[in-house]
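First to last, the sequence lines map onto chains A and B.
In this text, residue positions in the first sequence follow my numbering: the first is 4, and each later residue adds one.
In this text, residue positions in the second sequence follow my numbering: the first is 4, and each later residue adds one.
Below is one structure; the comments refer to it alone.
2 protein chains.
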Amino acid sequence: MEPNVVNATRDKILAIALRLFADRGYAGTSIQDIVDGARVTKPALYYYFPSKAELYQALLNRAHDERFRLMQAASARGKDLSGKLEEILNAHFAFLKSHRELVGLVYATAFAARGEMPKEIRYLDKCQRNFDLIRDLIRSGQRAGELKRAFTAEHLARGIFGMMNIHVQAELVQPGQKPSRKTARQIVQLFLEGAAART
Amino acid sequence: MEPNVVNATRDKILAIALRLFADRGYAGTSIQDIVDGARVTKPALYYYFPSKAELYQALLNRAHDERFRLMQAASARGKDLSGKLEEILNAHFAFLKSHRELVGLVYATAFAARGEMPKEIRYLDKCQRNFDLIRDLIRSGQRAGELKRAFTAEHLARGIFGMMNIHVQAELVQPGQKPSRKTARQIVQLFLEGAAART
DNA sequence: CCATCTACTTACCGAACGGTAGGTAGCAGC
DNA sequence: GCTGCTACCTACCGTTCGGTAAGTAGATGG
């Protein structure tokens, strides 16, 4: 089977698996659950995916690659540093809104205990890639004299990344307030100007 | 059995369970693993804990309660808002250093898929409690005129909480740079003053 | 028609799981 | 000694798990 060929059964399995993995986690989702939902049999699933782990990895890759693509596109849209940061943050929030299950998968995997996932699951380099994009932006901002050099680029990048993350994580853990473009703007503002009142 | 009475077998089970749950996750740790490690039998474990879920909940409660206690003590140590925030952040980092497994358990649980944990596991109110402590501190800072009122207390609290979290999470996911008091100071500084260079 | 391939199928495997039934050793109190 | 309780034990239960062996329907090409 050509890896680029659209395949209805394969896609159906992926779609069902995404929903179930997002809802029940890796261990809590059985192959039987997935094939029941997809209306196929186990060997049919194993025809397309060598193992449960590879099925999960396929979804995880999709989540990370799509997110990275959106981040790059968002950065290109921004006119200046502030605008780029705002666009990137908003892209994250839009991704959360449109692909909540994929985002949930990413965070559940990142924080899962080491032995909870199969050893072959890979995600760290892709997490790092996202962070690096923001850190490089911060670095260029420091070089251009827009951002303080009293902090390392790593520290500043963690600052804004952490502020974005908390909004995503809060929405995942306790749905209620979906972060928006306004949220992104406020985060960038807080990041750049700080919280202390001016005297 | 009196709940306050020290019990060597119960404590041994808890200690082994903590290590295994932190390393393998809830689903990846079997009761058999735990009893093998603790050198007891399954019915002995069930003598002390009604179920696997209750065993996990006992550890989770310990993590959350200890963390909250440290946050309160830290806040009391701080002289002013800045000092309080720094103490609280540093308390978190110290807790991470001394009780890494408990911290891992907290994050793995928070981000786990909803159906991955037994339905009876409770943690949201205790997570919220930690956040509320910081938000109330921020609120009092706003009232005292130290912090901007252009942002809601919720937003500011998420700001600093998110900055702290990213350091904890980075250390959990990719151990290497343990956050310290210096990290806490830098975060508070960044939070209060912002990242933009002054012109 | 036959051979080959793709995309599935039924039926099954051994291992592992959380939890339980029934029991017992040791101790304390009467 | 007997009774009751605590703190465990051996042996077992039914269910579920990821994955596999063997097979087949349908399509295509020679």
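Beta carbons are placed, not taken as given, at the ideal position from N, Cα and C, and that holds for glycine.
Between residue i and residue j, what straight-line distance do the alpha-carbon atoms span, to the nearest angstrom?
i      : j      : result
A:Q192 : B:G31  : 43 Å
A:L99  : A:L105 : 8 Å
A:R142 : A:A156 : 5 Å
A:K129 : B:Y59  : 31 Å
B:A199 : B:R152 : 19 Å
A:I37  : A:G86  : 42 Å
A:E5   : B:M167 : The predicted model places A:E5 with a pLDDT of 43, which falls under 50 and marks its position as unreliable; any figure quoted below should be read in that light. Going by the C-alpha atoms only, they are around 46 Å apart.
B:A94  : A:Q172 : 22 Å
A:E69  : A:A113 : 17 Å
A:G81  : B:P178 : 33 Å
A:Q180 : B:R138 : 17 Å
B:P182 : B:E174 : 8 Å
B:Q145 : B:R161 : 15 Å
A:E57  : B:E89  : 44 Å
B:L140 : B:Y29  : 35 Å
B:A115 : A:Q131 : 21 Å
B:A111 : B:T44  : 27 Å
In terms of alpha-carbon separation, which member of the options lies closest to residue i?
i      : options                       : result
A:A97  : A:Q60, A:T186, A:S33          : A:T186
B:D26  : A:G86, A:R117, A:S85, A:A18   : A:R117
B:Q189 : A:E149, A:R70, A:L159, A:L127 : A:L159
B:V176 : B:Y126, B:R70, B:G107, B:Y50  : B:G107
A:G40  : A:M167, A:I16, A:R125         : A:I16
A:L136 : A:H170, A:L92, A:Q172         : A:L92
B:V109 : B:S101, B:L63, B:A20          : B:L63
B:N133 : B:R125, B:F154, B:F164        : B:F164
A:L3   : A:A66, A:E149, A:L73, A:A47   : Shown here, chain A extends from 4 to 202; a query on residue 3 of chain A therefore has no answer.
A:F154 : B:E196, B:R161, B:M120        : B:E196
B:S54  : B:F71, B:S78, B:A115, B:P121  : B:P121
B:E123 : B:I19, B:T44, B:R201, B:A61   : B:A61
A:D14  : A:A79, A:H102, A:F52          : A:F52
B:R22  : B:L150, B:R103, B:P46, B:R184 : B:R103
A:R201 : B:F71, B:L150, B:F194         : B:L150
A:G148 : A:D83, A:A111, A:F71          : A:D83
A:L48  : A:A76, A:L73, A:I169, A:I19   : A:I19
A:T12  : A:I34, A:S78, A:Y50, A:A79    : A:Y50
Name the chain A residues whose beta carbon is nearer than 8 Å to that of residue i?
i      : result
B:Y110 : F114
B:L17  : The contacting residues do not exist; B:L17 stays about 17 Å from chain A at best.
Output yes if chain B places a C-beta closer than 8 Å to the C-beta of residue i; else output no.
i      : result
A:D68  : no
A:K151 : yes
A:G40  : no
A:E57  : no
A:L193 : yes
State yes or no: is the beta carbon of residue i nearer than 8 Å to at least one beta carbon in chain A?
i      : result
B:N7   : With a pLDDT of 47 at B:N7, under the threshold of 50, the modelled position of this residue cannot be trusted, and the question is left open.
B:K87  : no
B:F71  : no
B:H170 : yes
B:G179 : no
B:R184 : no
B:G107 : yes
B:A30  : yes
B:I91  : no
DSSP state of residue i, grouped into three classes?
i      : result
A:A153 : coil
B:A198 : coil
A:G28  : helix
A:P46  : helix
B:G81  : coil
A:R138 : helix
B:E69  : helix
A:N168 : helix
A:M120 : coil
A:G179 : coil
A:N64  : helix
B:F52  : coil
A:N10  : coil
B:H102 : coil
B:L21  : helix
B:S143 : helix
A:G148 : coil
B:A41  : helix
A:A113 : helix
Which bits of chain A does residue i rub up against, with CB to CB less than 9 Å?
i      : result
B:V176 : A113, F114, L127, C130
B:N133 : In chain order: nothing, as chain A lies at least about 12 Å away.
B:G81  : Correct list: empty, because the minimum Cβ distance to chain A is about 16 Å.
Which chain A residues are close to residue i, counting only those with a beta carbon under 7 Å from its beta carbon?
i      : result
B:Q189 : F154, H158
Taking residue i as the query, report the chain B residues whose CB atoms sit under 8 Å from its CB, ordered along the chain.
i      : result
A:M166 : R161, G162, G165, M166
A:R27  : A116, R117, G118, E119
Give me the chain B residues within the contact set of residue i, using Cβ-Cβ distance strictly less than 7 Å, ordered along the chain.
i      : result
A:E196 : G197, A199
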